[in-house]
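Student: Per mature numbering (1 follows the signal peptide of the UniProt record, and there is no 0): the sequence shown = residues -25 to -1, 1 to 177.
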Amino acid sequence: MKNQIISITVAALVAAHLFSCQSSAENKLTSAEDQSSALVDLEAKVALGKHLVVIAGCHDCHTPKKMGPLGPEMDMERALSGHPAQQPIPDMDRNELESKGVAATQSLTAWIGPWGVSFSSNLTSDATGIGNWTEEQFFTALREGKSKGISTNRQILPPMPYEMIGQMTDGEISAVFAYLKSTKPVDNVVPDPMPPLSAMKP
């Protein structure tokens, strides 16, 4: 009788161990499936963000240009890196340009108008771009037009059409942010905007 009890106890322990192993294996499988599903979702989100960046014309101002066989073309090695730090604005009569309207520099990354001179931002994942931004900052920049996504900062300057871009849905803005966070980091410190000459007169 004693041996029978021992056998039953051992069998119960073995069964419990096997059940535990099976449950653990199932949990690991579920976890792996969840991770795989999350990865697929993220890839789809990033792909949507990339598409939105292209059709919204973000490259038009935020990607420097270079001369190609057919004329100016996007310099995709510096995609979305903003106005090149070492590139000066052309030697032009700012007084005339600011009073008459808008003029773009040769790279189409700096703009002159009544607001002064504005430079397109670095949108890459580098720390000099939006690498340290939170998604909340990105929403603040696009929805409220605040520089660097900080609510107490100045308004974003022309020609950035944040009023229109900010009409994207929450999901679309989140997708754009996810894509920008996935871009190749480009170290480029964009110059601060220059105030209009009229504001600099004593």
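Where a beta carbon is used, it is the ideal one built from N, C-alpha and C, also for glycine.
1) What whole-angstrom Cβ distance do Gln64 and Ala85 have, given they're in contact under 8 Å?
2) Assuming Gly104 is part of the alpha helix (DSSP H), what are its boundary residues?
3) Less than 6 Å between C-beta atoms, sequence neighbours within five positions excluded: which residues of the same chain meet that for Ala102?
4) Can you name the start and end residues of the alpha helix (DSSP H) that Ile64 belongs to?
5) Would you call the CB atoms of Leu55 and Glu147 closer than 9 Å?
6) Distance, Cα to Cα, Leu45 vs Met135?
7) Mapping DSSP to helix, strand and coil, what is Met49?
8) Run through DSSP, which three-state label would Met139 get?
9) Starting from Lys40, trace the alpha helix (DSSP H) both ways and give me its first and last residue.
10) According to DSSP, is Ile87 part of a helix, a strand, or is it coil?
11) Leaving out five residues before and five after Thr115 in sequence, what residues of the same chain have Cβ atoms less than 8 Å from its Cβ?
12) Nearest by alpha-carbon distance to Ala22: which of Thr158, Leu172, Val165 is it?
13) Classify Ala79 as helix, strand or coil using the three-state DSSP reduction.
14) Please name the residue, chosen from Phe94, Leu72, Glu138, Ser74, that lies closest to Asn37 on a Cα-to-Cα basis.
15) For a quick check, are the C-beta atoms of His58 and Pro166 less than 9 Å apart?
Tutor: By the coordinates alone:
1) Within the sequence shown, residue 64 is the residue found at index 89, counting from 1. Within the sequence shown, residue 85 is the residue found at index 110, counting from 1. Per the sequence presented here, residue 64 reads as Ile, with Gln not at that position. Ile64 to Ala85, Cβ: 5 Å. Contact.
2) Here residue 104 refers to the residue found at position 129 of the sequence shown. Where Gly104 is concerned, there is no enclosing alpha helix (DSSP H), given that its DSSP letter is neither H nor E.
3) Numbered from 1 along the sequence shown, position 127 holds the residue referred to as residue 102. So the list is empty, once near-sequence residues are dropped.
4) Sequence index remark: in the sequence shown, residue 64 carries index 89 (1-based). Element bounds for Ile64: n/a, residue is neither H nor E.
5) If you number the sequence shown from 1, residue 55 lands on position 80. If you number the sequence shown from 1, residue 147 lands on position 172. No. Outside cutoff.
6) Position 70 of the sequence shown, counted from the first residue, corresponds to residue 45. Position 160 of the sequence shown, counted from the first residue, corresponds to residue 135. Rounded to the nearest angstrom, the two C-alpha atoms are 27 Å apart.
7) Against the sequence shown, residue 49 aligns to sequence position 74. In the structure shown, Met49 sits in a strand (DSSP, three-state: E or B).
8) What you label residue 139 is simply residue 164 of the sequence shown in a count that begins at 1. Helix, per DSSP.
9) For this step, residue 40 is matched to residue 65 along the sequence shown. Element bounds for Lys40: not the alpha helix (DSSP H) but the beta strand (DSSP E), 40 to 43.
10) The count along the sequence shown starts at 1 and reaches residue 87 at position 112. Strand at Ile87.
11) Numbered from its first residue, the sequence shown carries residue 115 at position 140. Once the five neighbours on either side are set aside, the close Cβ partners of Thr115 are Lys121, Gly124, Ile125, Ser126.
12) On the sequence shown, position 47 is the one that residue 22 refers to. Minimum Cα distance to Ala22 is reached at Thr158.
13) Here the question's residue 79 lines up with position 104 in the sequence shown. Residue state, collapsed to three classes: strand.
14) On the sequence shown, residue 37 is found 62 positions in, with the first residue counted as 1. Here residue 37 is His; the residue named in the question, Asn, does not match the sequence. The shortest Cα separation from His37 among Phe94, Leu72, Glu138, Ser74 belongs to Phe94.
15) The residue given as residue 58 occupies position 83 in the sequence shown. The residue given as residue 166 occupies position 191 in the sequence shown. Yes, Cβ-Cβ distance for His58 and Pro166 is below 9 Å.
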